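Residue numbers (this note's numbering): 4 to 171.
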């Protein structure tokens, strides 16, 4: 039975593993092959360790655990009402675990007092866009273009939004 719990510093390495494997699968053909191949679990683990050690981030990162292993995670920004990240091991795509994780993240944002939440997604990531649309998220017309760190590759993103509570 899968469980979702708050992430701890000890989860940095398994989160990094999920992060790298899911990026390498989800962004295949969307980001440069060399960039994806060179993603480092070590580098990501160090980043996640810093994030999880910071008391300001307590409660913002949740892990999805199945059979004792972290198979997914989500990160929210409770102040801004934003879903910052959600990734599940590619072997678990299509099983409903991603939706369980997404619903839990949305509930956390709702419980933080937000009436709506937002997220950013690559405009070319059709799989993710279908996933969010199936959960009730819709594009709100906002777009932005960032550049990958150390790369001259534009990342065109669209913002999605969902209402969290009905307005009387």
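Yeah, the Cβ is synthetic: ideal placement off N, Cα and C, and Gly gets one too.
These numbers come from a predicted model, not from an experiment.
Distances from the CA of residue 142 to each of 133, 71, 83 and 12 were compared; the closest alpha carbon is that of 133. In this chain, the alpha helix (DSSP H) harbouring residue 21 covers 15–29. In the structure shown, the three-state DSSP call for residue 80 is strand. Residue environment: residue 32 is assigned as exposed (fewer than 16 neighbouring CB atoms within 10 Å of its CB, all protein chains considered). Residues 5, 7 and 67 of the same chain have their beta carbon placed closer than 8 angstroms to that of residue 103, with the five preceding and five following residues left out of the count.
If you draw a straight line from the Cα of residue 113 to the Cα of residue 38, it comes to about 35 angstroms.
Collapsing the DSSP output to three states places residue 46 in a helix. With 16 or more other CB atoms across the displayed protein chains lying within 10 angstroms of its CB, residue 77 is buried.
Distances from the alpha-carbon of residue 80 to those of 97, 144 and 62 put 62 closest. Taking a C-beta distance under 9 angstroms as the contact criterion, residue 89 and residue 120 do not qualify as a contact pair.
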